[in-house]
Each structure stands twice: as C-alpha cells, then as structure tokens.
Amino acid sequence: MPQTSNKMRRENLIQFADQARLSYKLVALEEHTPLPVSLEGLTIGEPNREKLCELFELLEFRRLTAEFLDTPSTAANGQLTTSQTDIHESTDSTEQPPIPPRQDILVDNAESLKLLVKALTESSAFAVDTETTSLHPHQAKLVGLSFAVKAGEGWYIPVSHRARDLLSETPRQLSLDEVLNALKPALEDPGIGKYGQNIKYDLQILRSVGIHLKGIEADSMLLAYIDEPGQPVNMDALAEKYLNHHCITYESVAGKGAKQITFDLVPVDQALPYAAEDAEITFRLVQHLQMKLANQIRRHNNIELPLACVLADMEWAGTQIHVSWLQGLSSVFGKKIESLEKHIHQLAGEAFNINSPKQLGVLLFETLGLEGGKRTKSGQWATAQDILEKLADEHEIPRLILQVRSLSKLKSTYTDSLPRLINSHTGRVHTSYNQAVTTTGRLSSSDPNLQNIPIRSEEGREIRKAFIAAPEHTLIAADYSQIELRLMAHFSQDKDLIQAFANGADIHAAAAAAVNQVPLEQVTGSMRRHAKIINFGILYGMSAFGLSKQLGISRSEAKVFIETYFARYPAVRQFMDKTLDLAREQGYVETLLGHRVYVHDINSSNGMSKAYAERTAINAPLQGSAADIIKVAMINLHQKLQSSGSGARMLLQVHDELIVECPNQYVDEIITCIKETMESVISLRVPLIADVDCGINWFEAHKL
DNA sequence: GTGGCGTCC
DNA sequence: CAGAGGGACGCCACT
C-alpha cells in the first residue's frame, strides 16, 4: 500500500514538474528572477510542493535555468542562434563532477538477485537493457539482462551463457525462469519508471519471454534524436558526445567480422562490464538529456516514446507474404531479362554486363557514338533513366536497357529478396522501423525496407499482391490525401489554396486552372499533369531548370510557369520567404509539433550548400509536419484498435499511409475508426482527409 | 567501402 | 561558374 501511493505521488510530481518547468521559464524570461520557482496556476498541496523542490534539486534545475538565462536571446543579437550555442558549445559533461569508477555487480545467485529486486523495487526509475544473440527480436535468444538504478553502478544477470568450447565449463548462472519470476513484478509495475536505449527492441525481447514492460519513461536514443536529429544515436556515440565516456565496444568482447561470436558465447567475466555499462550509461544519458531538453521533453514523452511502443507491436506482428506468388514473378522476370539481354548483346555486337553503368556508358557514347552524353561527378558517363529515355528514340539499345533495368531491379530487390527475409518462426516479414535516423522526423524501414514496395509500374505493382492478410483477415490501407500540400495551405494561409481544399477540389486541376487562367472545366490532361509537377516542385524548392527538365519545356517557359504560380498563390511565396528568414535567424526550422530541423548551411558562402539548405528549410516543415501528424495518428489508432477488442492491428506505415490487418467481421467498423482517427489528429485551416480501402492483399487494398 | 542507379512517399 | 528536387534504403559493379 505505501509503495503504491508513493508511486502515484511520484507520477504526479513528474507531471507537475513538467508544467512548472515551462511556467518557470516564462517567468524567468520575463522578469529575470532567480529561484524560487513560481507555481502560479498549479493546484498542488504543501507536501507536494516540498517534494517538487526536491525534485528540482535532483534535476539540477537551477543550473539549467541559469544556462537558459545566460544564453543570448535571438532577438537581442539577431544572428547567432541559441540552439547552435547549445549544441556546439555546450560543456555540460565537463562541468559535472567526475563520475567515480563504475561498480559492476554480477547476479548469479539467489542472494544477489534478491538484492537487485530490492534495489529495483525501491527505485523511482531504472535503466534496463537486454543482451541477446540477434538483432532480430523474433530469432534472438535472451542471454542476459542488465540494470542500473543510479549512476556509478551496473548490474548484470547472465541467463544463458554457454561454454565456448569443450574445455571450458558452462558458467554458473541463475535459471531464466527464476530470474524472470523475480523481476516480473518490477518490470511490469507501471509505477516504476524504465529507461532504455532503443527500448523498442527490449520491449520485443521481453515480450518474447512473457514480460510486458510497463512504466516506460525514457529512451536515450529518442532523447538524443530530439536533441539533434540526423546525428548518430548509437550508445557509444552518445556516451562520447554527452558524457565524455568511452564505451567498451561490442567488437572488443565479441570480435568482429566472420570471427564474431554471439553474446551467449562471451565469457561472463567479459560480459559483465560490457552489459553493466550499457545499463549504467543509459541511465546517465537519460538523466542528462532530460535536463538538457527540458523544453522539448513533451515531444519525447507524448510522441516519440509512445510511438516506439506502437512500432514495437507493428514489428512484432509482421506481415504475411505469399511466397509462391513472388517466386512466380521472379521466374517471369528472369525469363524476360534473359531474352532482352540476348537481344541487346546481338544489337551491340558484343557481350557486356548490362548491369554495369560504366560498361554501358562506354558502349553507348564511345562504341556507338550516340549524342547527348553527360558525365557524372566522378567523370563516368551518366546512364540514368532520363538520359536513356532521350536516347530511346534514336537507338534500340537504350530502350531495351531501360526494360532490363526495371525488371532486374524488381527481381533482385523484391521478388528474389523478400522471401529470404521471411522469419522462419512466424512465416512473416518483420521490418525494422528506425525512428531516429531522418532529419525531417520521418520513419525509415529496413530489413526489409517495406516503404519502397513498387506501385507505379504495372509489373512492379504485382509485387503488392504478395503482401497478404492472414486467413480470415483483410488488409486495410489508409492514406492521407495530399497531406503536404494541405500543410502548405495551412502554414501559408493562402486564401485560394485553402478555398480549393475547403471545396474538396482536385488540387492539381485547381492549380492548372489558376496557372493557365482558365475555368476549371477547360483544364486539359496535360495542363493538370504540368500543374501536378509544379505543385510537388514547390514543396521541394525546385528551380526553373529542374521544372523545365521535368516538363520538357524551355527554361524560360518554366520560369513564367513558376512566376504565374506564385502570382496566383501569393501567400505561398510569402510563407517560403518567411520560413527562409526564420531559418537564417535561428539556424533551424520547426514542424507543427516542434521537431527541429537544423539548416546550418543556410548562411553559407558556398552557393551550392546554401541553396541546398534553403530547399531543406522549405521542405522540412512540410515533410516533418506530415510525419508528426501520422505519428500521432498511429499512437491514437493503436490505442483504439487495442481497446476495440476486434483483433485488428497496424502492420505498416509508409509515410502518409497506414496498413491494418483486420478480422473480416470487423472491417467496416475498423475502416470508420481508422478514418476518424487519422482525420481528427489535429485541426488545420484545411480539412485533413484520409482515403481508406481494403482487400485481401496490399494491391487490392489500393484500388483508389 | 563508394558511387550509380532505382524504388517509394 | 556549376549545378540547379526534399527524405529514405538496397542492389550492383567496381576499387
């Protein structure tokens, strides 16, 4: 009983602290007042207020605030950005008192296990880390668990280390069952906070041994990502960067390359410091970054961290694959490639590797002497699609090469590879979502990448028929309609753009009508096609040159086209100009929900890097805000699907699209739920629309 | 390991 | 003058 109330109080305090931090900052900013903190508007009792002060001490709030006040304000000096100062000149790690050598505790008997459980249970939060035999949760075996409840101390429990050879003995260790039984209450107690480094992984590992981790409070990887998106977020790099600590490398305990051994074969005496360090560093990183990021902690708490738990479920679920369908496609593609290859070699009069851009360039532009050759950066002949397309009229070979290219791409990347990535235990593919790599805030997907499955070409689209629903289930695909253009309308507040979306107009046709100054009825197919390219070009900061190349028109025509567009949608240009000003001033741009994208080169004297930074500054708030919106949709939808009791579950995310696997009898209900959830994430100045469809496979679910 | 290319949004 | 479309990942050839 007393424990529970303590935990509840703790939770309340954290919530209060979060609010108080913000309000204190405001007060401090306006009045430059020192502590104590103003708690106006917060309804907390005296005892809690005391506790709150303690908590501030704990968080070194005073130091944080002092830093905040010392930082030159953007408005005052008008050039150097506060954030750049924070990031590049922060000397946090050197200011802190030196950390004493870490004490490592090996848990290999009942007594030490008892001590650990006691330490965990009495803590308000602890770091947890798992050591396993694989990076893929479904094939990983749990080898050991490590914990830290405070800086300077790490615990490690080996559970399935093995003898490396016949001469060595199996190390003494507790049984997995005994360990899990002892730890389960603490791990599943939502009142005790958990810290992790890439907690999405540990969540799945723990789930595989029947533990449902609760009380997840922070992920150092996600905190670091919020601090500086796009920078490395592996633990070694973070320890160097924030704690000035050099980690024991995985290679130094497990070896590298072909000689690398799995962690269960690492001797326990070597595993102990490595594993204990993982947990202890995680603990310290979380504490450090929570302080550093006080004003962005909400993004971590309310978006990135809950999303990590959603992604863990999606990865764990995986997607069913129709293997023989893919094998059939492979064989069809293979035969076509073979015959095309023969034909090409015949025409060329020599056998060469048609997959080698280098050999192809020499053949086309030297042996055959075709015109229009361009060099790549490295001086090779460029043989990219657009170049071959121009040559296709003059010569048969480039035309055939284009066909081969497209087919071998489909075969090697998709139809041949996907079956190899099916997990033998589940019979499904379990992609891995990376939440902390992109600069804009998008997710990425790998092993396999399921965010670039073909859809445009007819042959490629066939591959989507291999992504099937489980028996008695249906796949539901829901995608946001024109989300980035809608965000452009929202941010720019352009009257006509908003009006077009409010009317539910075909936005490309509307742009075509505007640019060509004709009524909507007179918009031709080609006008619409051009307007569509311009619409996307605007989002990406395309130049007149790029547009002319895309549309096959002259540069001056393209220039007029763009100018007319801006004349028709004047607020769009104003928004772009304002965004660039802001980017130059503060060194970063921000999305709807506060994800920052740094554009350091925006004031560069190098024209090319500056232009690049400018395009990023325009595009990032749009791309990144779209990412924000779907992240929130995923968190909300995950919650709703779980509580619906339907058994429907999210499987995939492709930037503006969600794929849900749903038991047949609930499809109608869940479609409604998905649409409502996606459209109600946030209220913009234009409607947010999600198109939803369903089918037995991903192809069928994309009829719209 | 790097560069070229191609797939997606 | 050169380069002139944002963000990813994966395959292949080549060094």
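Each residue of the first sequence is one higher than the one before, starting from 150 at the first, in this note's numbering.
Don't be surprised by glycine CBs; every beta carbon is placed ideally from N, CA and C.
It should be emphasised that the depicted structure is a prediction, and the values quoted were computed from it without experimental measurement.
{"Item": "Integer-rounded CB distance, given that K852 should sit under 8 Å from A839", "Value": "Not a contact, Cβ separation roughly 15 Å."}
{"Item": "Validate contact between the segment 605–624 and the segment 841–849 using beta carbons, cut 8 Å, 3 pairs", "Value": "yes"}
{"Item": "Range of the contiguous beta strand (DSSP E) that encloses K343", "Value": "G342 to G345"}
{"Item": "Whole-angstrom distance between S557 and F482, CA atom to CA atom", "Value": "7 Å"}
{"Item": "Short Cβ contact (7 Å threshold) for N684 with A660", "Value": "yes"}
{"Item": "Length of the line joining the Cα atoms of N444 and L262", "Value": "38 Å"}
{"Item": "CA nearest to the CA of E487, picked from D314, E545 and L549", "Value": "L549"}
{"Item": "Nearest-angstrom beta carbon gap, L454 and I365 [assumed within contact, 8 Å]", "Value": "7 Å"}
{"Item": "Beta-bridge partners of D253, as assigned by DSSP", "Value": "G303"}
{"Item": "One or two residues paired with P812 in a DSSP bridge", "Value": "H622"}
{"Item": "Helix, strand or coil at T564 according to DSSP, with G and I counted as helix", "Value": "helix"}
{"Item": "Proximal residues to L456 (C-beta, below 8 Å), its chain only, five neighbours per side dropped", "Value": "Q584, K780, M783 and I784"}
{"Item": "Beta-carbon proximity check, Q772 vs T589, cutoff 7 Å", "Value": "yes"}
{"Item": "Beta strand (DSSP E) segments (min. 3 residues) lying fully within the segment 303–382", "Value": "342–345 and 365–368"}
{"Item": "Cα-Cα separation between R605 and S555, rounded to whole angstroms", "Value": "12 Å"}
{"Item": "Exposed unless 16 or more other CB atoms sit within 10 angstroms - verdict on N813", "Value": "exposed"}
{"Item": "Q380 CB to nearest heavy atom of the ligand MG below 6 Å", "Value": "For the ligand MG, the structure offers nothing, since it holds no ligand at all."}
{"Item": "7 Å CB neighbourhood of D565 in its chain, flanking five on each side removed", "Value": "S479"}
{"Item": "Residue nearest to M725 in terms of C-alpha spacing, selected from G674, M637, H657 and V511", "Value": "M637"}
{"Item": "Which residues DSSP lists as bridging I470, in chain order", "Value": "F616"}
{"Item": "A662: first and last residue of the uninterrupted beta strand (DSSP E) it sits in", "Value": "First-last for A662: I656 to N665, but that is the alpha helix (DSSP H), not the beta strand (DSSP E)."}
{"Item": "S232 versus G510: straight-line alpha-carbon distance, rounded", "Value": "Unreliable placement is indicated for S232, whose pLDDT of 32 sits below 50; the coordinate value is still reported in the next sentence. One C-alpha to the other measures close to 47 Å."}
{"Item": "For I687, the nearest candidate out of R764, S317, V809 and S593 (CA to CA)", "Value": "R764"}
{"Item": "Beta strand (DSSP E) runs wholly inside the segment 671–752, at least 3 long, in chain order", "Value": "737–739 and 745–747"}
{"Item": "Residue of L570, D351 and D376 minimising C-alpha distance to V472", "Value": "L570"}
{"Item": "Helix, strand or coil at P846 according to DSSP, with G and I counted as helix", "Value": "It should be noted that the sequence gives Asn, not Pro, for residue 846. Three-state DSSP puts N846 in a strand."}
{"Item": "Cβ contact (3+ pairs, closer than 8 Å) linking the segment 347–363 and the segment 457–470", "Value": "yes"}
{"Item": "Residue closest to E130, alpha-carbon to alpha-carbon, out of L729, A424 and Y399", "Value": "Because the chain here runs from 150 to 853, residue 130 falls outside it and cannot be looked at."}
{"Item": "E608 in three-state terms, based on DSSP", "Value": "helix"}
{"Item": "Beta-carbon proximity of Q476 to K507, cut-off 7 Å", "Value": "no"}
{"Item": "Neighbour-count burial assignment, D535, 16 or more Cβ in a 10 Å radius", "Value": "exposed"}
{"Item": "Reduced DSSP category for I410 - H, G, I as helix; E, B as strand; rest coil", "Value": "coil"}
{"Item": "T740 classed as buried or exposed, judged by whether at least 16 other C-beta atoms fall within 10 angstroms", "Value": "buried"}
{"Item": "Between the CA atoms of L264 and R313 - distance to the nearest angstrom", "Value": "30 Å"}
{"Item": "Reduced DSSP category for R834 - H, G, I as helix; E, B as strand; rest coil", "Value": "coil"}
{"Item": "Local Cβ density within 10 Å of D643, reported as buried at 16 or more and exposed below that", "Value": "buried"}
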